[in-house]
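Novice:
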Amino acid sequence: MNTPRQDGFRMPGEFEPHAGCWMLFPERTDVWRGNAKPAQETFAAVATAIAQFEPVTVCASQAMWQTARDLLPDNVRVLEISSNDAWMRDCGPTFVVNDAGEVRGVDWEFNAWGGDLGGLYADWSQDNLVAHKVLDAVGAKRYKSDFVCEGGGIHVDGEGTLISTRSCLLNKNRNPDLSETEVNQLLAEYLGVDKVIWLDVEGVDETDGHIDAILAFVRPGVVLLAWTDQTHMYEYQECRDVYAQLQDVTDAKGRKLEIIKFPIADLPPTTTEEVADIVQSDDVYPREANEPVFGGYINFYIANGGIVVPQFGVETDEEAIDILTEVFPDRKVVGVPGGREISMGGGNIHCITQQQPAGKGTLR
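If you read the sequence shown in the numbering used here, its first letter stands for residue 1, the second for the next number, and so on.
#1: For W65, does the three-state DSSP call read helix, strand or coil?
#2: Among the candidates R28, N75, V193, whose CA atom is the shortest distance from the CA of A45?
#3: Taking the straight line between their C-alpha atoms, what separation do you get for W22 and D90?
#4: Measuring CB atoms only, is the stretch 313-329 touching the stretch 256-267, in the sense that at least three cross pairs come out at less than 8 Å?
#5: So, C168 versus G203, is the Cβ gap smaller than 8 Å?
#6: Contact defined as beta carbons within less than 8 Å: I believe I81 pairs with G153. What is the distance between those atoms, to the nearest angstrom?
#7: In whole angstroms, what separates the C-alpha of D200 from that of L191?
#8: Which whole-angstrom value is the C-beta distance of G296 and A226, which I expect to be below 8 Å?
#9: Alpha carbon to alpha carbon, what distance is there between T228 and W124?
#10: If we ignore side chains and look at the alpha-carbon of each, how far apart do E319 and A276 end up?
#11: Could you give the first and the last residue of the continuous beta strand (DSSP E) run that contains M23?
#12: Taking just the CA atoms, how far does N299 sit from G347?
#13: Specify whether the stretch 211-222 and the stretch 239-252 touch according to this definition: at least 3 beta carbon pairs, one from each stretch, less than 8 Å apart.
#14: Output yes or no for whether 8 Å exceeds the beta carbon distance between I352 and A86.
#15: Which whole-angstrom value is the C-beta distance of D30 and I278, which I expect to be below 8 Å?
#16: Looking only at its own chain, which residues have a Cβ that is under 6 Å from the Cβ of K256, when we skip the five neighbours before and after it?
#17: Under the DSSP definition of a beta bridge, which residues are partnered with T161?
#18: Which value, in whole angstroms, describes the spacing of the CA atoms of E238 and Q66?
#19: In the DSSP output, what is H210 paired with across the bridge?
This is the structure:
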């Protein structure tokens with residue numbers, strides 16, 4: 001079977017037109033507090049916000065289908081698709097397009113962010129089927145790869161450039177037998193990119209350093225970089241290290257990147273009350289008190305004509321919206337409260353969504 005590149009396909013930038021958005025519905029009581037009800041309400045608010053701009057499909061298990069249907073507005077489609085948790089960005093397909101407008105998808109191998117060497121839960125078998133099921137629902141041709149990759153670990157500009165972190169894709173808990181050169185070639189073949197910019201970060205979070213918690217492309221040649229001037233925050237040094245690394249790189253077109261600093265909310269750690277009713281299990285990464293909560297505005301979703309960004313109920317909420325309004329002047333910026341709720345589960349709006357690019361056919 002050919003690779004996407006051999007067939008003339010590439011991964012488009014997230015700012016390119018969409019056919020719609022895919023999400024999963026949370027239900028794990030060992031990840032989400034309050035029997036997952038607060039998370040379900042927040043996910044529904046995110047889906048509702050995105051549905052202002054493009055079609056949204058939320059995938060729910062058989063047990064949760066009716067709950068999801070009752071919670072979501074009528075213009076959001078609900079499909080019965082099982083999963084182990086609710087991170088569509090990471091276990092869902094990576095869509096690719098060609099110049100004729102055909103849409104296909106890459107089905108990466110998924111191992112719950114580390115498999116037996118630090119994976120976040122013991123059973124990821126249903127997550128590893130999500131991409132295939134979504135592509136079947138779309139009616140899109142599927143490229144299956146044995147390469148372990150999560151959508152949150154890659155960002156592309158649609159013009160041949162990909163940015164990722166060595167701590168994630170080159171981690172021994174993802175692809176231990178592949179060299180950096182071999183990973184570069186795989187990314188080139190499956191995503192149609194010409195250059196991979198590798199960043200060195202600490203990678204101490206649950207994802208081992210996903211790029212979508214660090215930066216995002218506004219358009220080719222321009223990135224937003226998560227940034228804080230608060231010296232007590234654990235991100236303080238990392239954002240400076242990344243900024244320094246980006247000074248020395250050019251993209252696939254030979255351009256130096258324009259870097260726009262973008263705030264990180266300074267949030268208190270998880271409280272005893274917030275984690276009190278989370279079911280503790282040996283099979284899942286523990287959710288405990290006094291853990292950092294990432295205030296990641298950078299984890300926003302780009303929709304057709306819109307930007308959907310988490311809000312945390314702090315002063316930097318308005319600053320984040322103002323910057324997004326300035327850098328995306330042709331899109332309406334919508335803030336969704338409850339960003340802390342998603343962050344406590346391990347990610348945010350970008351992590352729980354996956355865009356399907358526009359092309360032949362529509363969301364079915």
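Where is the CB? At the ideal position from N, CA and C, for every residue including glycine.
Specialist: Considering the structure as presented:
#1: helix
#2: N75
#3: 12 Å
#4: yes
#5: yes
#6: Wrong, their Cβ atoms sit about 22 Å apart, outside the cutoff.
#7: 22 Å
#8: 7 Å
#9: 34 Å
#10: 32 Å
#11: 18-24
#12: 8 Å
#13: yes
#14: yes
#15: 6 Å
#16: T250
#17: K195
#18: 43 Å
#19: DSSP, once it has assigned bridges, lists no residue as partnering H210.
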